[in-house]
Every structure is written in structure tokens, then in C-alpha cells.
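Remarks on the structure that follows.
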Amino acid sequence: MIVIGGPTSESLASRVAKELGIEPGKLEVRRFPDGEKYLRILTDVQGQSVAIIQSIHHTPDELLFEYLLLADTVKDLGARKVTAFIPYFAYARQDERFKAGEALSFKTVSKLIESVGTDEIYTIDMHQHRVLKSSEVFGIPSHNLSAMPFLAEHISKLGKLQNPLVIGPDAEAEQWAKLAAEHLRTDFDVFTKTRLGDAKVEIRPRKSNANGRDVLIVDDIISTGGTIVEAVKILHGQGAKRIQVACTHPILAPGALEKIKESGVEDVIGTDAVPSPISVVSVAPLIAEHIRTNGD
Ligand code: R5P
Numbered sequence: 015m016i017v018i019g020g021p022t023s024e025s026l027a028s029r030v031a032k033e034l035g036i037e038p039g040k041l042e043v044r045r046f047p048d049g050e051k052y053l054r055i056l057t058d059v060q061g062q063s064v065a066i067i068q069s070i071h072h073t074p075d076e077l078l079f080e081y082l083l084l085a086d087t088v089k090d091l092g093a094r095k096v097t098a099f100i101p102y103f104a105y106a107r108q109d110e111r112f113k114a115g116e117a118l119s120f121k122t123v124s125k126l127i128e129s130v131g132t133d134e135i136y137t138i139d140m141h142q143h144r145v146l147k148s149s150e151v152f153g154i155p156s157h158n159l160s161a162m163p164f165l166a167e168h169i170s171k172l173g174k175l176q177n178p179l180v181i182g183p184d185a186e187a188e189q190w191a192k193l194a195a196e197h198l199r200t201d202f203d204v205f206t207k208t209r210l211g212d213a214k215v216e217i218r219p220r221k222s223n224a225n226g227r228d229v230l231i232v233d234d235i236i237s238t239g240g241t242i243v244e245a246v247k248i249l250h251g252q253g254a255k256r257i258q259v260a261c262t263h264p265i266l267a268p269g270a271l272e273k274i275k276e277s278g279v280e281d282v283i284g285t286d287a288v289p290s291p292i293s294v295v296s297v298a299p300l301i302a303e304h305i306r307t308n309g310d
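Throughout the sequence shown, residue numbering follows the numbering used here, covering 15 to 310 in sequence.
Encoded structure:
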């Protein structure tokens, strides 16, 4: 088994390799003067099962292309199997034609990943809203893992929240709120959200009341921070005490973190599925566990 991290996930791949007690595979990546990418695999992959870790975030088009170069080369050099670990899978939110003529980006990206000989794919808390199962999009075996138990464990170890109410800021977040609440042995609820623009959402409460309760808000992605800030306003209005926030993918558009902190949240944490200043929880043990069990 060989674990290779693409250029954006080198540190994560080193952590995964360490968990597995192996050395990570090596790459050389640079740019030609005209802007084209140069990629060379320095580890012998002939006949091997290769796990490629490449999170596709922030500059998704470039990082996707790096994955395609990497996987295609690994296969061409004679690897027996290529398993993609794409912790953050960009474009998953464009899973439908919201307006006539729009690109179905989720589907296009999936087709590209398969086209270079990827045999199996793992994602982590991938945005699955209208597409409920990744098998609806991928033609290869696919698995969507969750980092929520790891985030909940970290929150629990911080020990600041007493019997917290777990809140998912929209209907899709129910899956994550449920997982975190199970881990913390507490109750959960979700709000309802209407997106009014790229950075503007409207959030309404449902049945729960946070009056006098500590609250943990969980979500898959924090991008502009708009969703979290609106949820916090409702919770403060209800009389919530301490509020902490956990997400798997801290995309954090400029100003997002400041906005969330100013809203009165005590701690905001995320995972290294997307490297960021708040990526305090590692998904390496989660990935390593699946490489171990899948490891052919
Ligand atoms: C979308 O519904 C996701 O689950 C997140 O809630 C969303 O991406 C967060 O985006 P923002 O931080 O820009 O509100």
C-alpha cells in the first residue's frame, strides 16, 4: 500500500502515513514558465495499491487538475488500484440545474475523476443535499465518511459546554447534528434555511428552544460564515448561554472567521480536511482506518 498526498494535502498524507506506520509516497510538482503544471512521481507504484489524498478546496480547478494528473500517472505507471481520498469535494453543491442552462458541475467533476482510472473514492462529509447517496453520482464504489464524531469528541474534551443542545443550521445538517448529539449523548434540532444569495441566508427556528442551554452548532462547511452568524442570532434571541461551532470543512472566505467571532461564539473549530487556522481536529485517523480495512 502506498499513500501519496497531492500538493494541497501533503501534510495530511504524512499524518495518514504516520498512522499506518509507513513513509508517504513522494512527488515533484512545479510550474513551467508558461504556467503549465509539471508533475513527477518519485515512488515506485508498479503493481501497488495506491491511496491518493487530495482535498479539492479554495482553488478547486487547479487542485482537481493536479488530482487528474496524479491519478492518471499512477495508473499509467502500473499501479494495481487507485483509491481517491478527496476530503473536501468541491462542486458538490452544484448538484442540480437551479437555472436553465447551468452546468451540472458535480456530475462533470465526478466523470473526470473516474475517467483517469480511479477505482474507488472516499469523501468526508461531502455536501449531499438533493443527491442523497454518492452512488447516484459516481459510477465507481464510493463512500462518504463523517468527521463529526471526531469533532464532537474534541468539543467534549474542551469541556466548556454543559449538556449542550446540538443545532444544525439547515435541514441537510440533520445528519451531522444527529451524529454529534449521539456522541455527546444529548439532544439536537435543526433550523430551516433559505438561501437568498451567495453570501445571504435567512434562517428560522423549528421546535427547539435554547433558553438557558449551552449550544453546539455543527455544519459541513463554513464559507462566508453567513449561515452560522444567522443561526447564532436566533440562539441568542432564545437566550442561549455558551455557543461553540464545529465544521468539517473550514473554507473560511475572507472575513468569515472574524464575523463569526464577533457574533459572540466562544470557539470555532474545523478539521484538516481543509487546512485553516481553526483546523484543530485531524481526519488522518479516519482516513487511515479506512485504508487499513480496505487495504488491498
Ligand atoms: C450549505 O447548505 C452548507 O451546508 C453550509 O451551510 C454552507 O455552505 C455554509 O456557507 P456560508 O458559510 O457561506 O453560509
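No residue lacks a Cβ here, since even glycine has one placed at the ideal position from N, Cα and C.
Tell me whether residue i sits in a helix, a strand or coil according to DSSP, three-state version.
{"i": "Asn177", "result": "coil"}
{"i": "Gln108", "result": "coil"}
{"i": "Leu266", "result": "coil"}
{"i": "Ala85", "result": "helix"}
{"i": "Glu202", "result": "Per the sequence presented here, residue 202 reads as Phe, with Glu not at that position. Strand, per DSSP."}
{"i": "Ser293", "result": "strand"}
{"i": "Phe103", "result": "strand"}
{"i": "Lys147", "result": "coil"}
{"i": "Thr208", "result": "strand"}
{"i": "His118", "result": "Residue identity check: residue 118 is Leu in the sequence provided, not His. In the structure shown, Leu118 sits in coil (DSSP, three-state: anything other than H, G, I, E or B)."}
{"i": "Phe152", "result": "coil"}
{"i": "Val123", "result": "helix"}
{"i": "Asp90", "result": "helix"}
{"i": "Lys273", "result": "helix"}
{"i": "Asp58", "result": "coil"}
{"i": "Thr307", "result": "helix"}
{"i": "Lys192", "result": "helix"}
{"i": "Lys171", "result": "helix"}
What whole-angstrom Cβ distance do residue i and residue j have, given they're in contact under 8 Å?
{"i": "Val232", "j": "Ala260", "result": "5 Å"}
{"i": "Leu210", "j": "Ile169", "result": "Not quite, the Cβ-Cβ distance comes to about 30 Å (not below 8 Å), so this is no contact."}
{"i": "Gln68", "j": "Gly35", "result": "Contact doesn't hold; Cβ gap of about 22 Å is too wide."}
{"i": "Leu78", "j": "Leu126", "result": "7 Å"}
{"i": "Ala195", "j": "Asp201", "result": "6 Å"}
{"i": "Ile274", "j": "Val288", "result": "Contact flag wrong, Cβ pair sits at about 15 Å."}
{"i": "Thr241", "j": "Val282", "result": "Not really, about 13 Å apart at Cβ, beyond 8 Å."}
{"i": "Asp203", "j": "Lys221", "result": "6 Å"}
{"i": "Leu321", "j": "Phe164", "result": "Only positions 15 to 310 of the chain appear in the structure, and residue 321 is not among them; the question remains open."}
{"i": "Thr132", "j": "Ala98", "result": "5 Å"}
{"i": "Leu53", "j": "Val43", "result": "5 Å"}
{"i": "Glu24", "j": "Lys174", "result": "About 33 Å separates the two Cβ atoms, so there is no contact after all."}
{"i": "Asp212", "j": "Arg256", "result": "The Cβ separation is near 30 Å, so there is no contact."}
{"i": "Val88", "j": "Ile66", "result": "7 Å"}
{"i": "Ile138", "j": "Leu159", "result": "5 Å"}
{"i": "Val297", "j": "Thr307", "result": "No, Val297 and Thr307 are not in contact; Cβ-Cβ is about 16 Å, not under 8 Å."}
Residue i bridges to which residues according to DSSP?
{"i": "Ser63", "result": "Lys95"}
{"i": "Asn313", "result": "The question about residue 313 has no answer, for the chain in this structure spans 15 to 310."}
{"i": "Gln142", "result": "Gln142 pairs with nothing; no bridge assigned."}
{"i": "Ile283", "result": "Ala260"}
{"i": "Lys255", "result": "DSSP lists no partner for Lys255."}
{"i": "Ile70", "result": "Phe103"}
{"i": "Gly182", "result": "Val204"}
Note down, one range per segment and in chain order, each beta strand (DSSP E) of at least 3 residues found wholly within the segment 213-252.
-> 214-218, 229-236
Counting only runs of 3+ residues fully inside the segment 17-55, write out the beta strand (DSSP E) ranges in chain order.
-> 41-45, 51-55
Which residues, in chain order, sit with a beta-carbon under 7 Å away from any heavy atom of ligand 1?
-> Arg107, His141, His143, Pro183, Asp184, Glu186, Ala187, Lys207, Ala213, Val215, Asp233, Asp234, Ile235, Ile236, Ser237, Thr238, Gly239, Gly240, Thr241, Ile242, Ala267, Ala270
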